[in-house]
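*Asks:* As they're listed, the protein sequences go chains A and B. For the first sequence, this note's numbering begins at 1 and goes up steadily by one. For the second sequence, this note's numbering begins at 296 and goes up steadily by one. Quick reminder that beta carbons are idealized off the backbone N, C-alpha and C, glycines included. Nothing here was measured: the structure is a model prediction, and the numbers come from that model.
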Amino acid sequence: MPNTTASSSSMNRSVTLSRVVLYAILLIAVVFYLMPLVVMLLTSFKSMADIRGGNLVSIPQEFIIAAWDKAWSSACTGVECAGVAPFFWNSFQITVPAVLISTFLGALNGYVLTKWKFRGSDIFFGLMLFGCFIPFQVVILPMAQTLGWLGLANTTTGLVFVHIVYGMSFTTLFFRNFYVSVPTELVSAAKIDGAGFFTIFRRIILPISGPIFVVCIIWQFTQVWNDFLFGVVFSGGDTQPITVALNNLVNTSHGVKEYNVDMAAAMIAALPTLLVYVLAGKYFVRGLTAGSVKG
Amino acid sequence: MAPVSKLAYRLLTMNTSNVVKQNSASAVSDSPQVSTGGSFDFLQRWLPKLVLGPTIITTLVFVYGYVIWTGVLSMTKSRFLPNYNFVGFLQYEKLMDNDRWSVASLNILIFGGLFILICLVIGVLMAILLDQKIRAEGSIRTVFLYPMALSFIVTGTAWKWILNPGLGLEKLVRDMGFENFTFDWLVDTEMAIYTLVIAAVWQSSGFVMALFLAGLRGVDNSIVKAAELDGASMPTIYRRIILPHLRPVFFSAFIILSHIAIKSFDLVMALTGGGPGYSTDLPATFMYVTSFSRGQIGLGSASAMMMLAVVLAILIPYLYSELRGKNNA
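#1: Can you list the residues of chain B that residue 251/A reaches, using a CB-CB cut of under 8 Å?
#2: Roughly how many angstroms lie between the CA atoms of residue 609/B and residue 617/B, to the nearest whole one?
#3: Mark residue 378/B as exposed unless 16 or more other C-beta atoms lie within 10 angstroms of its C-beta, in which case mark it buried.
#4: At a Cβ cut of 7 Å, what residues of the stretch 337-358 of chain B count as close to chain A, listed as they run along the chain?
#5: Restricting to Cα atoms, I'd like to know which of 356/B, 591/B, 507/B and 586/B is closest to residue 131/A.
#6: For a cutoff of 9 Å on Cβ pairs, would you count residue 612/B as touching chain A?
#7: Can you tell me whether residue 1/A is buried or exposed, with buried defined as 16 or more other CB within 10 angstroms of its CB?
#8: Considering only the beta carbon of each residue, do residue 499/B and residue 564/B sit closer than 9 Å?
#9: Say whether chain B places a C-beta atom closer than 9 Å to the C-beta of residue 295/A.
#10: Skipping 5 residues on each side, what residues in its chain have a beta carbon closer than 7 Å to that of residue 411/B?
#11: Kindly confirm or deny that the stretch 44-58 of chain A and the stretch 504-519 of chain B touch, where touching means at least three C-beta pairs closer than 8 Å.
#12: Taking CB distances under 9 Å as the criterion, tell me whether residue 462/B reaches chain C.
#13: Less than 8 Å between the CB atoms is what I'm expecting for residue 415/B and residue 503/B, so what's the real figure, rounded?
#14: For residue 381/B, name the three-state secondary structure that DSSP assigns.
#15: Within 10 angstroms of its Cβ, does residue 15/A collect 16 or more other Cβ (buried), or is it exposed?
#16: Mind checking if residue 480/B is an interface residue toward chain A, Cβ cutoff 9 Å exclusive?
#17: Buried or exposed for residue 20/A, please, with buried defined as at least 16 other CB atoms from any protein chain shown within 10 angstroms of its CB.
#18: Looking only at its own chain, which residues have a Cβ that is under 7 Å from the Cβ of residue 657/B, when we skip the five neighbours before and after it?
#19: Within the 9 Å Cβ cut-off, does residue 25/A reach chain B?
#20: Residue 544/B lies in the alpha helix (DSSP H); which residues open and close that run?
#21: Let's test the definition: count the other Cβ atoms within 10 Å of the Cβ of residue 102/A and tell me whether it reaches 16, buried, or not, exposed.
#22: Considering only the beta carbon of each residue, do residue 94/A and residue 163/A sit closer than 9 Å?
#23: Please classify residue 355/B: does DSSP put it in a helix, a strand, or coil?
#24: Could you give the distance in angstroms between the alpha-carbon of residue 259/A and the alpha-carbon of residue 464/B?
#25: Residues of chain B with CB under 7 Å from residue 124/A, in chain order?
#26: Do the stretch 419-435 of chain B and the stretch 597-606 of chain B meet, that is, are 3 or more Cβ pairs less than 8 Å apart?
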């Protein structure tokens with residue numbers, strides 16, 4: 001009898017101990033993941049003297065927003081010294097139409113591929129998937145030449161076009177996988193009643209598509225906003241997206257390196273997608289993991 | 296860009312079961328259309344094809360056409376501008392003899408291998424730890440995943456500063472009392488490639504964790520309960536029962552991670568710029584520099600085709616095994 005109490009209390013102790021270790025490991029992990037963001041923020045509010053005097057995680061002696069101001073409106077991103085603001089708006093001008101158009105086309109495509117199949121549509125879908133997997137390096141040279149022929153080289157329109165073309169395989173995939181689980185009976189009943197292609201889409205399909213639109217828009221927004229490859233290859237000096245401008249700011253430095261300005265610029269580039277993640281994290285994660293583990 | 300591949304898996308599983316249902320449905324709907332005739336019905340019959348048409352054309356031209364086009368360019372002497380003087384496989388031979396390309400190929404093996412391995416290990420461990428009825432699990436998960444929302448350029452910029460020899464991590468550790476601590480991997484030809492691994496793991500491991508966590512939540516609890524009753528210890532249960540159940544998750548995570556690794560371009564540009572020298576070049580940066588800065592479009596195309604070949608070499612067996620697995624089931 002005394003034996004059993006002894007062993008159970010020692011077991012309790014070992015359970016508590018393992019909980020402590022568990023939380024300790026998780027805490028270390030949390031610190032590791034948060035550290036770069038904290039460092040970026042702290043550095044962006046310091047003066048250069050403060051940066052040299054302190055270290056990565058030292059609290060700024062005085063919180064100043066001079067670096068943010070400079071990053072936004074007067075830092076040099078190559079030849080120009082007008083900050084990242086113009087490029088921030090470029091990114092919006094690229095992202096908004098690219099996301100909306102590719103999402104809308106994806107919805108229509110997904111609708112056709114599940115509810116209006118025709119001979120060859122399944123095969124086409126298989127072919128289209130391939131577009132999700134190719135390394136884009138394998139298409140950029142022909143695309144650069146094509147955009148040149150069309151007079152779209154170095155234009156926002158050209159970049160939007162590229163993002164739509166290569167984003168569509170993803171958006172179609174999202175919508176197709178969503179619509180596959182919508183009962184076909186719903187659609188075929190409406191067809192018998194004489195409802196046409198767009199009527200069914202508007203009246204039956206669109207009203208239930210809310211969640212997948214959110215997932216798809218968030219996904220595309222993150223993809224297009226964060227893109228660098230297309231931006232650096234297809235945009236010109238004044239149509240560059242923020243990622244390209246940020247890279248220029250950080251990696252082509254003349255004179256003294258201003259780490260506080262670099263960090264402020266990086267934060268500016270990161271804010272829109274971070275904001276989306278904070279506001280709609282649930283949908284963001286759903287987009288990331290959609291379909292990967294089930295089945 | 297990455298998590299795409301998992302979708303392939305989904306779509307393949309769905310195809311088969313749905314074709315049957317769909318066919319019977321369209322048989323029902325076809326009859327009234329045929330009987331009434333008229334331009335409305337004619338339009339309805341063609342609308343789906345008209346709607347999908349532009350996508351079909353763009354896919355065929357901008358994906359398949361362009362891959363072939365790049366393949367053609369890789370057989371030419373193209374330099375600053377594409378030309379069509381065919382030289383057979385000369386560019387590929389040049390590529391194999393190219394020192395910079397050998398460095399890039401070796402680097403993708405080191406970077407890709409370590410990146411995938413460490414992400415998988417951290418992802419699985421963190422998922423298991425988070426699955427122990429942790430308080431504030433939601434917030435912790437949020438913290439692990441937010442790097443996925445960032446651009447690799449932002450990640451690269453942040454880590455470039457953290458790893459800064461002199462003012463970065465080195466100074467932090469010295470301030471803590473370790474006067475002789477040095478950490479200058481970023482400017483060390485031998486070690487710079489590992490800084491890419493650190494930053495990439497930071498950005499992507501949370502995502503792998505999310506995949507595995509979802510997988511763990513999908514494991515049938517009754518099996519675990521039964522094993523517990525039989526006296527199996529928790530580590531044994533994980534090793535013998537739960538992890539084997541997660542095999543499909545391992546595979547999709549592997550595919551997604553290798554896809555990220557091969558496409559790694561932005562991170563290198565922002566963090567090391569391929570340097571010091573070209574010691575951290577990857578195939579993606581090699582392709583960019585060769586084609587756009589050095590005006591060797593033929594050689595650049597050949598390197599792009601090599602990248603595609605690697606992606607296909609990983610992807611095709613995966614899709615094949617997925618398809619076969621589903622058909623057997």
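*Replies:* Looking at the atomic coordinates:
#1: 564, 565 and 568
#2: 13 Å
#3: exposed
#4: 339, 342, 343, 344, 346, 347, 350, 351, 353, 354, 357 and 358
#5: 356/B
#6: no
#7: With a pLDDT of 43 at residue 1/A, under the threshold of 50, the modelled position of this residue cannot be trusted; read the value that follows with caution. With fewer than 16 other Cβ atoms within 10 Å, it is exposed.
#8: no
#9: Bear in mind that a pLDDT of 26 at residue 295/A, under 50, signals an unreliable position, so the number given afterwards is only what the model happens to contain. Judged by the 9 Å Cβ criterion, residue 295/A is in contact with chain B.
#10: 549, 552, 553 and 556
#11: no
#12: The question asks about chain C, but that chain is absent: this structure's protein chains are A and B.
#13: 6 Å
#14: strand
#15: exposed
#16: no
#17: exposed
#18: Chain B is shown only over 296 to 624; residue 657/B falls outside these bounds and no answer can be derived.
#19: yes
#20: 542-558
#21: buried
#22: yes
#23: helix
#24: 14 Å
#25: 351
#26: no
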